[in-house]
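Protein chains in written order, with the working numbering: chain A, 65 to 640; chain B, 65 to 640.
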């Protein structure tokens, strides 16, 4: 039993100055966490109980799924991370240090290398697979801008698992086992979430999904179809393509037009409509966005009413490490590329690799640059006047874009990423030479999956989804205590009866916080109970004279007078 | 239920090349831990279950004692450690690093500063005290020579608690509460231990005791009286003093003696015995050991048959940071100090601060240097010819020295330090300004106690005390499983019955490892069971034909045939 009289806790009336999101404000005010440095927090007793409840549920679900727990150090030698190139790729996000012998170490930001090497150290045969091992461990990432309290910290706790399989089929099964275990885990954590298609990006691999907990202040943006449930993050959103409606044969030949003073799509559209008394729109024009992808000049074609989203480009060009827009100096070096008047007609001649947004379907014709100063062209037709090297999901995504599954307009929602599962493939196994002998005695590179849950972040995500203007409202399994008993007044009786009640609950295995403070006012105690957010509040106060206690449900605000003699049985049922 | 067929485990036949102590060898061979770098280990599934059993017991005992759990980060800002001067005092033992903004951080080697600041942040009144908070957290220390596997690592897990009290009386109570909680904890961990007086040394403070688990390969040396139970570490051992038996008045005056060629105590004693046909011994001569203590020249007097133990000197001169012996250059600078012929008679004249081993009692007379080349003196008497500034426990301790409590000769024993409790006092509270208002509204500096248990080290200490030549022999509460079931042979029945038995135990809450491997031989399975060290081994093999299983107790080696129908009930009782 926790007693408010001795609990190491001071609640705060005011929001901390640096807090922007609700979970951060409330976890600080209710005395759950304290800031130590940017993105680095300590847990006070109530916070740590809550954290351990979340951790316990995650561990139980992993164990139930048959995954085996291991534990790696935080302080890791450089060599394995050099073998996979991540020692340098991580850049300033990695905390690096030297030991007394000047050897290089890092603080583990994620443990792919270590898991791979551990399996390599123990296993050697296809008979040993499949294997899933996991750990719950502190991670360190030197974020540029740590924020939102414990949601994006520099030191945080993650559950990370890895699956090891002989072949893609096995990997698909291990992935599915994790997907199911994650659904069960997040349900038990009381989180509302969407499973969102993602692109694994820099990590390589194939299938990848994020578990996102919707929250108005979440950092992650994703697309959701409220009709069919399709959900994707911005990088993975697939464009719904409508085929060209006219035949190329009916499209007039390219017509060049004198178009001075058309620096923007709007001004171009206005000039065109004036010239032809037409109804042209931004979406009838074609933007040619010039980029260097690892030094190679590429042009990306998107309809004029859309911007190129570089994050989407990067995610969809997985091999590419550096991506940058042409600047004035680049244009100056290549005078054939006339800034503002580039068109795809001469891409091959100019040595540009040509990518197109899927909306630039074959057979569509466009108003675009004529590769001459102050000149545009119309009727520039895909499949006749230019041919692309590949389609790419590159255009920005907007609310109202059509769902690729059911064509219903999608909404854009914000969320907190609470989990991520993906098929890593053979990248790490290859780099670190994790092989097993197959049935025929041949050496095979193992294929891996990687699966993460933010443990400390989940505490904040639950707080984001479970609070109101008075404070936190924890789900039963997560709360620091199931029942918060408040004794009020100057008489001894409420304190004596409250204590008996608390003890009866505790001996039935129901956790209790007992507010036994004699000096605090009833008002202060009620406010604290609401702020702390345990699900059931039982008040031993004035109505005890009539043999009653008051039972409140924190989440709904429901209040009821209950006869003391039946209260214990009732609270036990509520606390299940 | 853990199944050997899928358990992530490969046992090893041979001891690892770098392992010297039994726990290290066995924890590696039985697949509990793996080395990642010097003093840095990973835990495999069996090891982590064992680790978590130890952690759980420690946590339960701390909670039972009413201590509250908090959790600090590992990555800590420099500033608090600068305020207490430990940023520099720690020297190369501290892992230091910079973040992306070039701010200094450290990896917590211990968290005194953080606990002090946490309490300062929340509390302000004497009414808030006493308080005990603890954490179970990873610690980092860049040991010069990490060794003995997980016993002395560079990354390890500790339980550290701190008590906060208004006054010394309160601190004494908090200390006693910890002492009791530690006794309970170590008893539950199945450890044999001695509580050994210690000197808190560099940490300051007053009362201090270590919990030492005797082990022949332990790093710690301590003195134990097998008669009365008195135990002390070398630094804290108190010399049993016998008063002088003769009166100063009867001692002849100082007599100077020509003693060339007496570079050692042995040669001096020989010359003296020759000169006076006497029975002089080394213990009749007096050594003058010259040192600089933070730059001040001091002389320490010890009987000639003893060396000065600098660790004891350091521990007994708590304010002193640097201690070094006079070297030839120092003697050269001070020609009045004749190397090999220094005596205490002129210490004042020479400006030497004089300390004496307690055996140099007032009224005792000695053969010592005469402060002239090739000259000694006898009848040099304490209280007549010299006076010391203070007594100090400086002489080396030897087996056979007398117990200060009961005068029985002590033995010297080796052990592993598993816990340490000590009264820190006001050092940290003062440095970090942790004060509370007392009853009269006056500001008072809080007094603190500090209490640690090595969690990962306890796993190794238990292994050191609980193993034999075949492998580990865990106590029931610590073992990765209480029952290890082995099915043998080519028939299905032992496997089917073994599985049923395992399931029955698991559903009764008794943890099981089931060796269900079809391809491994019975011999391999028995060897693995013995190496892994679960307390109860049940064998489903040939005797199943007669309706029997074999029940073995790992620790005693006892084996019995038990009828299958009664085996479950019997094993349940054994597993309690």
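Don't be surprised by glycine CBs; every beta carbon is placed ideally from N, CA and C.
Predicted, not measured: the structure shown is a model, and the values here were computed from it.
Measuring alpha carbon to alpha carbon, tell me which residue in 198(A), 137(A) and 496(A) is nearest residue 144(A). Among 198(A), 137(A) and 496(A), the Cα nearest to that of residue 144(A) is on 496(A).
Taking buried to mean at least 16 other C-beta atoms within 10 Å of its own C-beta, is residue 437(B) buried or exposed? Exposed, by the Cβ-count rule.
Between which two residues does the beta strand (DSSP E) harbouring residue 380(A) extend? Looking at the DSSP string, residue 380(A) is not in any beta strand (DSSP E); the run it does join, the alpha helix (DSSP H), is 374-380.
Give the DSSP-derived three-state secondary structure of residue 222(A) in the structure shown. In the structure shown, residue 222(A) sits in a strand (DSSP, three-state: E or B).
In whole angstroms, give me the CA-to-CA distance for residue 519(A) and residue 485(A). Distance from the CA atom of residue 519(A) to the CA atom of residue 485(A), rounded to whole angstroms, is 15 Å.
Taking the runs of the alpha helix (DSSP H) that are 4 residues or longer, which of them lie wholly in the segment 346-421 of chain B? Segments of the alpha helix (DSSP H) lying fully in the segment 346-421 of chain B: 374-380, 392-397 and 411-414.
With the cut-off set at 8 Å, would you say residue 224(B) and residue 515(B) are in Cβ contact? The answer is yes: Cβ separation under 8 Å.
Assign residue 612(B) to one of three DSSP states: helix, strand, or coil. In the three-state reduction of the DSSP assignment, residue 612(B) falls in the strand class, which pools E and B.
With C-beta atoms as the reference, is residue 48(B) less than 8 Å away from residue 597(B)? What is shown of chain B runs 65 to 640, which leaves residue 48(B) out entirely.
For residue 306(B), the nearest candidate out of 449(B), 171(B) and 427(B) (CA to CA): That would be 427(B), whose Cα lies nearest to the Cα of residue 306(B).
Any contact between the segment 132-140 of chain A and the segment 105-112 of chain B? By contact I mean 3 or more CB pairs, one from each, below 8 Å. In short, these stretches touch, since the Cβ pair count reaches three.
Would you please state the rounded distance, in angstroms, between the beta carbons of residue 612(B) and residue 626(B)? I believe it to be under 8 Å. Rounded, the Cβ-Cβ distance is 6 Å, consistent with contact.
Please identify the residue among 566(B), 489(B) and 463(B) whose C-alpha is closest to the C-alpha of residue 303(B). Here the closest residue by C-alpha is 463(B).
So, using beta-carbon positions, are residue 230(A) and residue 510(A) closer together than 8 Å? It is a contact, given that the beta carbons lie within the stated cut-off.
Below 8 Å, can you find three or more Cβ-Cβ pairs linking the segment 241-257 of chain B to the segment 535-542 of chain B? Counting Cβ pairs under 8 Å, three or more are found: they touch.
Closer than 8 Å by beta-carbon distance: list the chain B residues that pair up with residue 185(A), in chain order. The CB of residue 185(A) comes closer than 8 Å to the CB of 98 in chain B, given here in chain order.
State the CB to CB distance for the pair residue 579(B) and residue 589(B), rounded to an integer number of angstroms; the pair is presumed to be in contact (CB under 8 Å). In this structure residue 579(B) is in contact with residue 589(B), their Cβ atoms being roughly 5 Å apart against a cut-off of 8 Å.
Can at least three beta-carbon pairs, one atom from the segment 293-302 of chain B and one from the segment 407-414 of chain B, be found at a separation below 8 Å? Judged by pairs of C-beta atoms under 8 Å, the segment 293-302 of chain B does not touch the segment 407-414 of chain B, as fewer than three such pairs exist.
Apply the 10 Å Cβ neighbour rule to residue 167(B) and answer buried if 16 or more other Cβ atoms are within range, or exposed otherwise. Around the beta-carbon of residue 167(B), fewer than 16 other beta-carbon atoms lie within 10 Å, marking it exposed.
Smallest Cα separation from residue 481(B): which of 446(B), 284(B) and 84(B)? Of 446(B), 284(B) and 84(B), the smallest CA-CA separation from residue 481(B) is found for 284(B).
Compare the Cα-Cα distances from residue 170(A) to each of 483(B), 560(B), 174(B) and 160(B) and report the closest residue. Of 483(B), 560(B), 174(B) and 160(B), the residue nearest in Cα terms is 160(B).
Quick check on the DSSP output: what are the complete beta strand (DSSP E) runs of length 3 or more inside the segment 290-315 of chain B, in order along the chain? Every beta strand (DSSP E) stretch that sits fully inside the segment 290-315 of chain B and reaches 3 residues is listed by chain position as 295-297.
Helix, strand or coil, according to DSSP, for residue 628(B) in the structure here? It is helical.
Could you give the residue range of the alpha helix (DSSP H) that holds residue 84(B)? Per DSSP, residue 84(B) belongs to no alpha helix (DSSP H) and is neither H nor E.
Should residue 88(B) be flagged as near chain A, meaning a C-beta pair shorter than 8 Å? Chain A, which has no Cβ nearer than 8 Å to the Cβ of residue 88(B), makes this no.
Buried or exposed: where does residue 630(B) fall if 16 or more other Cβ atoms within 10 Å of its Cβ makes it buried? Residue environment for residue 630(B): exposed (fewer than 16 other C-beta atoms within 10 angstroms of its C-beta).
Could you compute how far the alpha carbon of residue 222(A) sits from the alpha carbon of residue 494(A)? Straight-line Cα distance between these residues: approximately 25 Å.
Would you verify that the beta carbon of residue 523(B) is, or is not, closer than 8 Å to some beta carbon of chain A? Chain A contact via Cβ: absent.
Listing by chain order, which chain B residues have their CB less than 7 Å from the CB of residue 107(A)? The answer, in chain order, is 134 and 135.
CB contact flag (residue 432(A), residue 441(A), <8 Å): Yes, Cβ-Cβ distance for residue 432(A) and residue 441(A) is below 8 Å.
Residue 207(B), DSSP secondary structure in three states: It is coil, neither helix nor strand.
What residue does the beta strand (DSSP E) around residue 333(B) start on, and which one ends it? Element bounds for residue 333(B): not the beta strand (DSSP E) but the alpha helix (DSSP H), 329-340.
What do you get for residue 203(B), buried or exposed, if any count of 16 or more other CB atoms within 10 angstroms of its CB means buried? With 16 or more Cβ atoms within 10 Å of its Cβ, residue 203(B) is classed as buried.
Selection of the segment 307-332 of chain A by Cβ proximity to chain B, strictly under 8 Å: Here the close residues number zero.
Taking the continuous alpha helix (DSSP H) assigned at residue 540(A), which residues delimit it? Where residue 540(A) is concerned, there is no enclosing alpha helix (DSSP H), given that its DSSP letter is neither H nor E.
Residue 149(B) to residue 177(B), Cα distance in whole Å? As the crow flies, the alpha-carbon of residue 149(B) is around 11 Å from that of residue 177(B).
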